[in-house]
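For reference, the structure is listed below as structure tokens.
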């Protein structure tokens, strides 16, 4: 028989016998360790050494490593800066959420490995989810589509940012700067694309562009495309609801027009 799901957020807090060590101290030290050394380096023993105490002291606050990971993941969600939905229009709120998530991922590269594998039911995660639901409700999305819209937004941010973080890690390990890597890659790309003049021309046009500026512009472009698509979806829905008796073919014609 399977054991019922357990979470640090759903069980009663433990009565601590370690008055000199708080849960907040443990979480803060764990985040610092993760930022400096990565997910593989996190252990109760290593964390205890960083805190100047034994691993036993940590177990008074968390039952196991999974509970600790739940805590640090919620700490990550707590760094997202998202205004109350009524204080701004939905696109502005969604944009701030996207940039907040992107910046938090760059500060804490380990977090992406926990998203989707650890339950996100802590207070910070619930606050974010509540604000996203409220944002997309005010925008006009029906209940099911509120989840779809939030998922599309988060998937875009994660999909674009994760490879950038991986590349940063690779450069850091190799001791190579972005400019040095770009310069080294230039001759390699020219050889690889020798039979593709259009690729060579495209690469030449962008070879002098600052790579960080290019990534920032690319992220903003893609984000606006996602939001434009969500906005177009809302417009199509509004037209269908305003004219429910219109022939289906006419509705499809309108949708093609918007898509075009």
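Residue numbers (my numbering): 1097 to 1356. Just so it is clear, CB atoms sit at the ideal spot from N, CA and C, and this is done for glycine as well. Computed from a predicted structure; not experimentally measured.
Three-state class that DSSP yields for residue i in the structure shown
i, result
"residue 1222", "helix"
"residue 1305", "coil"
"residue 1156", "coil"
"residue 1117", "coil"
"residue 1124", "helix"
"residue 1139", "coil"
"residue 1314", "helix"
"residue 1162", "helix"
"residue 1108", "coil"
"residue 1176", "coil"
"residue 1298", "helix"
"residue 1232", "helix"
"residue 1238", "coil"
"residue 1185", "coil"
"residue 1291", "coil"
"residue 1204", "coil"
"residue 1144", "helix"
"residue 1331", "helix"
"residue 1284", "helix"
"residue 1272", "coil"
"residue 1134", "coil"
"residue 1339", "coil"
"residue 1247", "helix"
"residue 1196", "helix"
"residue 1150", "coil"
"residue 1279", "helix"
Cβ-based neighbour list, residue i, same chain, cut-off 8 Å, excluding 5 preceding and 5 following
i, result
"residue 1122", "1143, 1147, 1154, 1157, 1158, 1164, 1167"
"residue 1289", "1295, 1296, 1299"
"residue 1214", "1162, 1165, 1166, 1169"
In DSSP terms, what residue i is bridged to
i, result
"residue 1214", "1211"
beta-carbon residue i near the ligand ZN non-hydrogen atom, thresh 7 Å
i, result
"residue 1278", "Because no ligand of any kind appears in the structure shown, any question about the ligand ZN cannot be addressed here."
For residue j and residue i, believed in contact at Cβ under 8 Å, the rounded distance
i, j, result
"residue 1196", "residue 1211", "Not really, about 14 Å apart at Cβ, beyond 8 Å."
"residue 1261", "residue 1201", "6 Å"
"residue 1249", "residue 1190", "6 Å"
"residue 1149", "residue 1117", "6 Å"
"residue 1253", "residue 1194", "5 Å"
Inter-residue Cα distance where the pair is residue i and residue j
i, j, result
"residue 1269", "residue 1238", "46 Å"
"residue 1186", "residue 1234", "7 Å"
"residue 1311", "residue 1275", "14 Å"
"residue 1170", "residue 1218", "6 Å"
"residue 1134", "residue 1325", "36 Å"
"residue 1140", "residue 1161", "7 Å"
"residue 1266", "residue 1206", "14 Å"
"residue 1307", "residue 1176", "25 Å"
"residue 1318", "residue 1104", "36 Å"
"residue 1277", "residue 1131", "24 Å"
"residue 1339", "residue 1333", "10 Å"
Sequence-distant residues of its chain with Cβ nearer than 6 Å to residue i (five each side left out)
i, result
"residue 1174", "1220"
"residue 1258", "1208"
"residue 1299", "1285"
"residue 1119", "1157"
"residue 1246", "1228"
"residue 1198", "1253, 1257"
7 Å CB neighbourhood of residue i in its chain, flanking five on each side removed
i, result
"residue 1303", "1282"
"residue 1357", "Shown here, the chain extends from 1097 to 1356; a query on residue 1357 therefore has no answer."
"residue 1126", "1138, 1143, 1164, 1168"
"residue 1172", "1200, 1204, 1207"
"residue 1055", "Any question about residue 1055 goes unanswered here, given that the chain covers just 1097 to 1356."
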